[in-house]
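Protein chains: 2
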Amino acid sequence: MQPFVMSKMARRLLRLLTGCQRLASSPSVSPHFCRPSTGLPFGSGFVRSMVALPFSFSLKPRDFSLPNSSWSAEMMRLYDFYNSQCESENESGEKQRGPWRRVPSYNRTLKYATGGAYLSKLIQSKNRLFTRSIKTTGAAFEYVMFNNKEEQRCICIFQAGHLLEGPPGHVHGGAIATMIDSVTGAHAAFMSGPVMTANLNINYRSPIPLGSTVILESSLDNKEGRKTFISCKVTSTDGSKLHTEATGNIIYSMLHLFDSNFIS
Amino acid sequence: MQPFVMSKMARRLLRLLTGCQRLASSPSVSPHFCRPSTGLPFGSGFVRSMVALPFSFSLKPRDFSLPNSSWSAEMMRLYDFYNSQCESENESGEKQRGPWRRVPSYNRTLKYATGGAYLSKLIQSKNRLFTRSIKTTGAAFEYVMFNNKEEQRCICIFQAGHLLEGPPGHVHGGAIATMIDSVTGAHAAFMSGPVMTANLNINYRSPIPLGSTVILESSLDNKEGRKTFISCKVTSTDGSKLHTEATGNIIYSMLHLFDSNFIS
Chain F
1 MQPFVMSKMA RRLLRLLTGC QRLASSPSVS PHFCRPSTGL PFGSGFVRSM
51 VALPFSFSLK PRDFSLPNSS WSAEMMRLYD FYNSQCESEN ESGEKQRGPW
101 RRVPSYNRTL KYATGGAYLS KLIQSKNRLF TRSIKTTGAA FEYVMFNNKE
151 EQRCICIFQA GHLLEGPPGH VHGGAIATMI DSVTGAHAAF MSGPVMTANL
201 NINYRSPIPL GSTVILESSL DNKEGRKTFI SCKVTSTDGS KLHTEATGNI
251 IYSMLHLFDS NFIS
Chain L
1001 MQPFVMSKMA RRLLRLLTGC QRLASSPSVS PHFCRPSTGL PFGSGFVRSM
1051 VALPFSFSLK PRDFSLPNSS WSAEMMRLYD FYNSQCESEN ESGEKQRGPW
1101 RRVPSYNRTL KYATGGAYLS KLIQSKNRLF TRSIKTTGAA FEYVMFNNKE
1151 EQRCICIFQA GHLLEGPPGH VHGGAIATMI DSVTGAHAAF MSGPVMTANL
1201 NINYRSPIPL GSTVILESSL DNKEGRKTFI SCKVTSTDGS KLHTEATGNI
1251 IYSMLHLFDS NFIS
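Chains as they are written, first to last, in my numbering: chain F, 1 to 264; chain L, 1001 to 1264.
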């Protein structure tokens, strides 16, 4: 790759990845977008120049994946169930890592991201992750994700607040799509590093009442080169009712975007 | 149809439609969900019983499809262009209806909707349409739709605020899906009455920078019985750049939901 003949698209992605790398050097990572434990797929000299950038947080950001007072009893029950499997005790009573891992969640992917070219610098600093942009607890997206690396599964417990209305009393199809995009994106990022969604094919089967708690389960279908194919189902918490399913979800590794024909 | 042996699903939809009919008797209709000028597809006795329900608004609701100070110059230019085509003058200088019609937009589909079974009555009254739930102007979804009945097209001018972030500096894929669902849903409702989205198949081609103004164009592909197939493209305002496209968007008339196998 010749860094000085990159296309406009490549330069834009480079800015995203630069921010991502800065994030990777911080404890306040959002694993939705990139894995903190994984270096970027560039030459080491390139990475070094980014790590050297100044970067700090003035305040410890709030982790939205932790319980709050708006969470229903069902949401708490499921949280406790998966959270208890993040750590287990062996025969001698020592704690060891379990099969699941809770995914922290913040209201910015990057605290001071580049991008937002059409916004003033002042507004750019106010950018917020779409799913965490409403401050009132319980009003919009309440969710926590858990990732199971061994089983290549990711689950999300999602409680839909009253500001997500589409059909009266029920969750907007776009809000459901948002959660599917978030969960499958996070899942793919755990497996492949920084990714971008290229396709979402969503079948809405049964409306989700506002206020209810549902489970999204993301599972790996296939990996082909830099493409990751993922399926996602949204069901009632006991699994008896299928609300929505997404198939053929194709997620590209960001490296792919440096190809001129990255989406064929 | 035997009204007393309706399934649970049918009863739920009946509640939605009841609300919709109440809305249809009010000037503050959200055409996204149902057409104010169109009666519901039920027997007249059924409809009469719903029209007789008490219904009033205490305050005239804000129409979010009208310009506000956050709209960019490009958003205003496009608004003026389509708005000027909602009314035209004939040879004798008399005003007459043009090919386009601006679609009003409110922060509730129904002011006092039924539904939201898992929410308290207090919270139910606070339900808000997902795309209009953030009060700060310019921070999230700023949009206005225009419908062209003759050409069976619907366009939406969309300005993406800083609270819709996904990839740093760019619009979240779920926010784009939300706008596609909203525009295609409104378009189908104009043609077929109350509808629900059954499928969205979205291809993300090029990320949308936060703060930019884009155009969504929804066009009819086909109608088969109670199914409406719609395509939607999201492009830059000059049409030169394709950001996202949705194909095979299937939208069912709500009547379809009274069939036991409504989604085959």
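Beta carbons are placed, not taken as given, at the ideal position from N, Cα and C, and that holds for glycine. In this text the structure is predicted, and so the values were computed from the model without any measurement.
Is the number of C-beta pairs between the region 1132-1149 of chain L and the region 1157-1175 of chain L that are closer than 8 Å three or more? yes
Using beta carbons (cut-off 7 Å, strictly below), is H243(F) in contact with chain L? The residue labelled residue 243(F) in the question sits at position 243 within the first sequence. No - not a single Cβ of chain L is within 7 Å of the one on H243(F).
So, are the CB atoms of T197(F) and D181(F) less than 7 Å apart? Taking the first sequence and counting its residues from 1, the one referred to as residue 197(F) is at position 197. Taking the first sequence and counting its residues from 1, the one referred to as residue 181(F) is at position 181. It is a contact, given that the beta carbons lie within the stated cut-off.
Tell me the rounded alpha-carbon separation between G1098(L) and L210(F). As a working mapping, residue 1098(L) is identified with position 98 in the second sequence. As a working mapping, residue 210(F) is identified with position 210 in the first sequence. C-alpha separation (whole angstroms): 39 Å.
Across the region 58-77 of chain F and the region 142-160 of chain F, are there enough close Cβ pairs to call them in contact, namely three or more that are closer than 8 Å? yes
DSSP three-state label for L1078(L), please. As a working note, residue 1078(L) is residue 78 in the second sequence. Three-state DSSP puts L1078(L) in a helix.
Kindly indicate if chain L contains any beta-carbon less than 7 Å away from that of I208(F). Sequence index remark: in the first sequence, residue 208(F) carries index 208 (1-based). By this cut-off, I208(F) is not an interface position.
Return the residue from the list F146(F), L129(F), K149(F) and T244(F) that minimises the CA-CA distance to A140(F). Counting from one through the first sequence, the residue named residue 140(F) turns up at place 140. When only C-alpha atoms are compared, the closest one is L129(F).
Thinking E142(F) and M76(F) are a contact (beta carbons under 8 Å), I'd like their distance in whole angstroms, please. The residue given as residue 142(F) occupies position 142 in the first sequence. The residue given as residue 76(F) occupies position 76 in the first sequence. Rounded, the Cβ-Cβ distance is 11 Å, inconsistent with contact.
Based on the DSSP output, what are the partners of A1177(L) in its beta bridges? Numbered from its first residue, the second sequence carries residue 1177(L) at position 177. DSSP lists no partner for A1177(L).
Proximal chain L residues relative to D238(F), where beta-carbon distance stays under 7 Å: Here residue 238(F) refers to the residue found at position 238 of the first sequence. Residues of chain L passing the Cβ test: none, with the nearest at roughly 15 Å.
Quick check: the region 1188-1197 of chain L against the region 1238-1245 of chain L, are there 3 or more CB pairs under 8 Å? no
Per DSSP, H1170(L) forms a beta bridge with which residues? Taking the first residue of the second sequence as position 1, residue 1170(L) is located at position 170. Per DSSP, P1209(L).
Taking just the CA atoms, how far does A1177(L) sit from H1170(L)? Taking the second sequence and counting its residues from 1, the one referred to as residue 1170(L) is at position 170. Taking the second sequence and counting its residues from 1, the one referred to as residue 1177(L) is at position 177. So the alpha carbons of these two residues sit roughly 14 Å apart.
Going by the beta-carbon positions, is the gap between A1246(L) and I1202(L) smaller than 7 Å? Within the second sequence, numbered from 1, the residue matching residue 1246(L) stands at position 246. Within the second sequence, numbered from 1, the residue matching residue 1202(L) stands at position 202. The answer is yes: Cβ separation under 7 Å.
Assigned exposure category for K95(F) - 16 Cβ within 10 Å defines buried: Locating residue 95(F) in the first sequence gives position 95, counting from the first residue. It counts as exposed.
Pull up the distance between the alpha-carbon of E217(F) and that of P61(F), whole angstroms please. On the first sequence, position 217 is the one that residue 217(F) refers to. On the first sequence, position 61 is the one that residue 61(F) refers to. When rounded, the distance between both Cα atoms is 27 Å.
Starting from the Cα of F1081(L), find the closest Cα among I1155(L), Y1118(L) and P1207(L) and give me that residue. Numbered from its first residue, the second sequence carries residue 1081(L) at position 81. If we check each option's Cα against that of F1081(L), I1155(L) comes out closest.
So H162(F) contacts chain L; which residues on that side make the cut at Cβ distance below 8 Å? If you number the first sequence from 1, residue 162(F) lands on position 162. Chain L residues near H162(F): G1116, L1119, I1123, Q1124, K1126, N1127 and R1128.
When N1147(L), I1208(L) and N1127(L) are compared against T1184(L), the one with the closest alpha-carbon: Against the second sequence, residue 1184(L) aligns to sequence position 184. It is N1147(L).
From R102(F) to M179(F), what does the alpha carbon distance come to, in whole angstroms? Here residue 102(F) refers to the residue found at position 102 when the first sequence is read from its first residue. Here residue 179(F) refers to the residue found at position 179 when the first sequence is read from its first residue. Each residue's alpha carbon lies about 17 Å from the other.
According to DSSP, which residues form a beta bridge with V1183(L)? In the second sequence, residue 1183(L) corresponds to position 183, counting from 1. In DSSP, V1183(L) forms no bridge with anything.
If I follow the unbroken alpha helix (DSSP H) through Q1124(L), where does it start and stop? If you number the second sequence from 1, residue 1124(L) lands on position 124. Unbroken alpha helix (DSSP H) run through Q1124(L): K1121 to Q1124.
Segment limits, beta strand (DSSP E) that includes N1199(L): For this step, residue 1199(L) is matched to residue 199 along the second sequence. Element bounds for N1199(L): V1195 to Y1204.
Step through the CB atoms of chain F and report whether any lies within less than 7 Å of the CB of E1224(L). The count along the second sequence starts at 1 and reaches residue 1224(L) at position 224. With 7 Å as the cut-off, E1224(L) does not count as an interface residue toward chain F.
Straight-line gap, K233(F) to T244(F) (C-alpha atoms, nearest Å): As a first step, residue 233(F) is located in the first sequence; it is residue number 233 there, counting from the start. As a first step, residue 244(F) is located in the first sequence; it is residue number 244 there, counting from the start. Roughly 6 Å separates the two Cα atoms.
Taking a cut of 7 Å between CB atoms, which residues from the region 163-177 of chain F lie near chain L? L163, L164, E165, G166, P167, P168, G169, H170, H172, G173, G174, A175 and A177
Would you call S1065(L) buried or exposed, if buried means 16 or more other Cβ atoms sit within 10 Å of its Cβ? Along the second sequence, one-based indexing puts residue 1065(L) at 65. Burial call: buried.
For my contact list, V1144(L) and Y1079(L) are in at a C-beta cut-off of 8 Å; report their separation, rounded to the angstrom. On the second sequence, position 144 is the one that residue 1144(L) refers to. On the second sequence, position 79 is the one that residue 1079(L) refers to. Yes, V1144(L) and Y1079(L) are in contact; Cβ-Cβ is about 6 Å, under 8 Å.
Among the residues of its own chain, which have a CB less than 8 Å from the CB of I1215(L), if the five just before and after it don't count? Numbered from 1 along the second sequence, position 215 holds the residue referred to as residue 1215(L). Around I1215(L): L1078, I1155, C1156, I1157, F1158, V1234, T1235, S1236, T1237 and G1239.
Proximal residues of chain L, C-beta to C-beta of Y204(F) below 9 Å: Residue numbering aside, residue 204(F) sits at position 204 when the first sequence is read from its first letter. In chain order: M1196, T1197, A1198, N1199, L1200 and I1263.
Continuous beta strand (DSSP E) stretch holding K1227(L): start and end: Locating residue 1227(L) in the second sequence gives position 227, where the first residue counts as 1. K1227(L) -> beta strand (DSSP E) spans K1227 to S1236.
Apart from the five residues just before and just after S231(F), which ones in its own chain have a Cβ nearer than 6 Å to its Cβ? Looking up residue 231(F) in the first sequence gives position 231. Closer than 6 Å at the Cβ level, and outside the excluded window around S231(F), lie S219, D221 and T247.
Taking only the alpha-carbon atoms, compute the straight-line gap between F1125(L) and I208(F) and give it to the nearest angstrom. If you number the second sequence from 1, residue 1125(L) lands on position 125. If you number the first sequence from 1, residue 208(F) lands on position 208. The sequence shown places Ser at residue 1125(L), rather than the Phe named in the question. Approximately 18 Å, taken between the alpha carbons.
DSSP three-state label for R108(F), please. Along the first sequence, read from residue 1 onward, the residue named residue 108(F) stands at position 108. Coil at R108(F), not helix or strand.
Under three-state DSSP, which class holds R1160(L)? Translated into positions along the second sequence, residue 1160(L) becomes position 160. Arg is not the amino acid found at residue 1160(L); the sequence shown has Ala there. The answer is strand: DSSP assigns A1160(L) an E or B state.
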